[in-house]
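Undergrad: Protein sequences appear in the order of chains A and B. Residue numbering for the first sequence follows the working numbering, beginning at 83 and increasing consecutively. Residue numbering for the second sequence follows the working numbering, beginning at 83 and increasing consecutively. Note that the Cβ used here is the ideal one computed from N, Cα and C, for glycine as well. Got a structure for you, written out below as structure tokens; questions coming shortly.
2 protein chains.
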Amino acid sequence: MDNRKIGVFDSGVGGLTVVSEIYKQLPNEEIIYFGDTERSPYGSKPKETIHMYTKQIVKFLKSFDVKMIVIACNTATIISIEELREELDIPIIGVVQGAISMALLTTKNNKIGIIGTEHTIKSEIHETLLKKENDKIDVFSKACPLLVNIAEEGLSDTDIGFYACKHYVDSLVQNGVDTIVLACTHYKLHENNFKKILDCSIKIVDPAIKTAENLSEILTEKNMLRCTHSKPIHEFYVSGVESKFSEIYGLIFNENCKAKKVDLS
Amino acid sequence: MDNRKIGVFDSGVGGLTVVSEIYKQLPNEEIIYFGDTERSPYGSKPKETIHMYTKQIVKFLKSFDVKMIVIACNTATIISIEELREELDIPIIGVVQGAISMALLTTKNNKIGIIGTEHTIKSEIHETLLKKENDKIDVFSKACPLLVNIAEEGLSDTDIGFYACKHYVDSLVQNGVDTIVLACTHYKLHENNFKKILDCSIKIVDPAIKTAENLSEILTEKNMLRCTHSKPIHEFYVSGVESKFSEIYGLIFNENCKAKKVDLS
Chain A
83 MDNRKIGVFD SGVGGLTVVS EIYKQLPNEE IIYFGDTERS PYGSKPKETI
133 HMYTKQIVKF LKSFDVKMIV IACNTATIIS IEELREELDI PIIGVVQGAI
183 SMALLTTKNN KIGIIGTEHT IKSEIHETLL KKENDKIDVF SKACPLLVNI
233 AEEGLSDTDI GFYACKHYVD SLVQNGVDTI VLACTHYKLH ENNFKKILDC
283 SIKIVDPAIK TAENLSEILT EKNMLRCTHS KPIHEFYVSG VESKFSEIYG
333 LIFNENCKAK KVDLS
Chain B
83 MDNRKIGVFD SGVGGLTVVS EIYKQLPNEE IIYFGDTERS PYGSKPKETI
133 HMYTKQIVKF LKSFDVKMIV IACNTATIIS IEELREELDI PIIGVVQGAI
183 SMALLTTKNN KIGIIGTEHT IKSEIHETLL KKENDKIDVF SKACPLLVNI
233 AEEGLSDTDI GFYACKHYVD SLVQNGVDTI VLACTHYKLH ENNFKKILDC
283 SIKIVDPAIK TAENLSEILT EKNMLRCTHS KPIHEFYVSG VESKFSEIYG
333 LIFNENCKAK KVDLS
């Protein structure tokens, strides 16, 4: 057993969709979350900049002696996970691999849509990994830069969020995809919009579920689960305005959280 | 006479609304424009960061031996103009003062709405300057963080732009303003939306017009107007994707521009 906390980070509030799955699947674990809300979105920033940010964040999380780190951000996973893994003496997982296995299990017509930030889409990592598993898969990708901004403003469930989602997924629908991968953890916050826009024959793949499963497997396998009857206490840190983060946390979890502001730069 | 170019900069494409007015009012002048599209939006970044950016940009523009600099960005004007003015040996103007004089001339019921980025609204500079001129003025302010992002994506004239504008100005309308100041140069790109949303009794103040007038006055007064019959040649530089900038330029001016990418950092 290992009663230390799990470090989770994202460019902002998007990683809370992963936290939500961890709460469900591993309710006894404690989380330290860092949301880089001041410097969000990561999706179209230079790679070197994002890599510098992720190193700062990992150093911050390590200062709490976390037992494992979850990069709850596709962009940061793609750009930094390999290098971080080499440097770290604790396990670290991202959100990309889970999306791939879920998408392959979901599609029936082998036409998969990927929506993500500009970096994620440009990297073509989902396309490469999907085709490696099954070269008959057709992948249609769409960068959706506004969806992170809208989610960070807490405006997903408004007409703004609806029309932005519609604008971005229309071309994928026209291409006949039967599966759309949310390759950005923020996009889960637009779930209601996708449900309204998409025919029920099109399935949404949310990597958060599989990521929490992967986390659970690793902790179980390495005998690192938290084993105590005391109620878990989670901590939330942000680089931007605390109240904005807490407000969105409230919308997602229907309960309060007191986020603390830290300056990592 | 002074045949050197005028340096104009903004966090992205918003400053093109000021360029548009310079084209109209000073058609013989030549412009060097820098749009910091890679690092846009400035509106909620730390002040020190924005100040560092503006210094880099002014150094870049000075390398072309410009005769004058126009900060076509409210956020950058508010944060940096005083310090830049002290350091520079050429005139520099911003976009705030023009907005104030136009708003005072426009309002009839003394209720003025200000829309801008988070920094601009938090600075309360428009409120302070308006009340200094007339303490009977009521000012209602609203930060509209998404409007820059939407304009930078070239999506102003879509349902996304419409509903975002509606979301932000509704409370000002309820407060009974008869004048709304576009305290961010990007917002002019949403002009069609505001026209659809607002009753014709509410007037929009676009500081770009007055800014170009101020520029014209200074150049005339200091005998620095360009005096040659050769057709002016403008140059456009960006820190982000050139094609995205050129596309939006095309939408505004209905003609092509070849933007060049530079890395100032």
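Taking 8 angstroms as the CB-CB limit, is THR240 (chain B) close to chain A?
TA: yes
Undergrad: What's the C-alpha gap between PHE327 (chain B) and LYS343 (chain B)?
TA: Straight-line Cα distance between these residues: approximately 10 angstroms.
Undergrad: When you compare only the Cα positions, how much space is there between MET83 (chain A) and ILE219 (chain A)?
TA: 41 angstroms
Undergrad: Below 8 angstroms, can you find three or more Cβ-Cβ pairs linking the stretch 228-243 of chain A to the stretch 266-284 of chain A?
TA: yes
Undergrad: What residues from chain A crowd round ALA341 (chain B), counting only those whose CB sits closer than 7 angstroms?
TA: Simply none; closest approach about 16 angstroms.
Undergrad: Tell me, to the nearest whole angstrom, how far the beta carbon of VAL100 (chain B) is from that of VAL177 (chain B); I am working on the premise that it is less than 8 angstroms.
TA: 7 angstroms
Undergrad: Please classify ASP92 (chain A) as buried or exposed, where buried requires at least 16 neighbouring CB atoms within 10 angstroms.
TA: buried
Undergrad: With 8 angstroms set as the bound, which would you pick, yes or no: does the beta-carbon of PRO314 (chain B) sit closer than that to a beta-carbon of chain A?
TA: no
Undergrad: ALA181 (chain A) and LYS313 (chain A): beta carbons closer than 8 angstroms?
TA: no
Undergrad: On the DSSP letters alone, give me the boundaries of the beta strand (DSSP E) that ALA225 (chain B) sits inside.
TA: 220-225
Undergrad: Taking beta-carbon pairs under 7 angstroms, can you tell me which members of the stretch 243-267 of chain B lie near chain A?
TA: Contact residues of the stretch 243-267 of chain B toward chain A are TYR245, ALA246 and HIS249 (C-beta to C-beta distance below 7 angstroms).
Undergrad: Give the interface partners of LEU170 (chain B) over in chain A, defined as CB-CB distance under 9 angstroms, in chain order.
TA: In chain order: nothing, as chain A lies at least about 28 angstroms away.
Undergrad: For GLU235 (chain B), decide whether its Cβ has a neighbour in chain A, counting only Cβ atoms nearer than 8 angstroms.
TA: At least one chain A Cβ lies under 8 angstroms of GLU235 (chain B).
Undergrad: From the beta carbon of LEU228 (chain A), is the nearest beta carbon of chain B less than 8 angstroms away?
TA: yes
Undergrad: Give every residue of the same chain whose Cβ lies closer than 7 angstroms to the Cβ of ILE163 (chain B), excluding the five residues on either side of it in the sequence, and list them in chain order.
TA: Cβ within range, chain order: ILE153, ILE174 and GLY176.
Undergrad: Taking CB distances under 8 angstroms as the criterion, tell me whether ILE160 (chain B) reaches chain A.
TA: no
Undergrad: Is there a Cβ of chain A sitting closer than 8 angstroms to that of ILE132 (chain B), yes or no?
TA: Residue-level contact by beta carbon fails for ILE132 (chain B) and chain A, as no gap is shorter than 8 angstroms.
Undergrad: Identify every run of the alpha helix (DSSP H) within the stretch 169-216 of chain B, keeping only runs that are complete inside it and at least 4 residues long; order them along the chain.
TA: Fully enclosed alpha helix (DSSP H) runs of 4 or longer: 178-188, 200-205 and 207-215.
Undergrad: What residue range is occupied by the uninterrupted beta strand (DSSP E) comprising PHE318 (chain B)?
TA: 317-320
Undergrad: By the criterion of Cβ-Cβ separation under 7 angstroms, what are the contact partners of ASN231 (chain B) in chain A?
TA: Ordered by position in chain A, the residues that pass the 7 angstroms Cβ test against ASN231 (chain B) are LEU228 and ASN231.
Undergrad: So, using beta-carbon positions, are GLY125 (chain B) and THR199 (chain B) closer together than 8 angstroms?
TA: Contact flag set, yes.
Undergrad: Note down the Cα distance separating ASP281 (chain B) from LYS248 (chain B), rounded to an integer number of angstroms.
TA: 12 angstroms
Undergrad: Taking contact to mean 3 or more Cβ pairs, one atom from each stretch, closer than 8 angstroms, check whether the stretch 96-115 of chain A and the stretch 181-194 of chain A are in contact.
TA: no
Undergrad: In whole angstroms, what separates the C-alpha of LYS127 (chain A) from that of ARG121 (chain B)?
TA: So the alpha carbons of these two residues sit roughly 7 angstroms apart.
Undergrad: Which residues bound the alpha helix (DSSP H) around TYR269 (chain A)?
TA: Per DSSP, TYR269 (chain A) belongs to no alpha helix (DSSP H) and is neither H nor E.
Undergrad: On the criterion of 16 or more Cβ atoms from any shown chain inside 10 Å, does HIS208 (chain A) qualify as buried, or is it exposed?
TA: buried
Undergrad: To which residues does DSSP link MET150 (chain B) through a beta bridge?
TA: B:ILE88
Undergrad: Quick one: what's got a C-beta closer than 8 angstroms to GLY332 (chain B)'s C-beta in the same chain, skipping five residues either side?
TA: ASN338 and CYS339
Undergrad: Between ASN85 (chain B) and THR310 (chain B), is the Cβ-Cβ spacing less than 8 angstroms?
TA: yes
Undergrad: Looking at the strands, I want to know which residues DSSP matches up with ILE291 (chain B).
TA: According to DSSP, which records beta bridges pairwise, ILE291 (chain B) is partnered with nothing at all.
Undergrad: Would DSSP call THR261 (chain A) helix, strand or coil?
TA: strand
Undergrad: What does the alpha-carbon distance come out to for the pair GLU393 (chain A) and THR202 (chain A)?
TA: Outside the displayed range of chain A (83 to 347) lies residue 393 (chain A), so it cannot be described from this structure.
Undergrad: To the nearest whole angstrom, what separates the beta carbons of ALA294 (chain A) and LEU108 (chain A), a pair I think is in contact under 8 angstroms?
TA: Cβ atoms of ALA294 (chain A) and LEU108 (chain A) come within 8 angstroms of each other, at about 7 angstroms.
Undergrad: Name the one or two DSSP bridge partners that TYR115 (chain B) has.
TA: B:VAL90 and B:PHE318
Undergrad: Rounded to a whole number of angstroms, what is the C-alpha to C-alpha distance between GLU299 (chain A) and MET306 (chain A)?
TA: 10 angstroms
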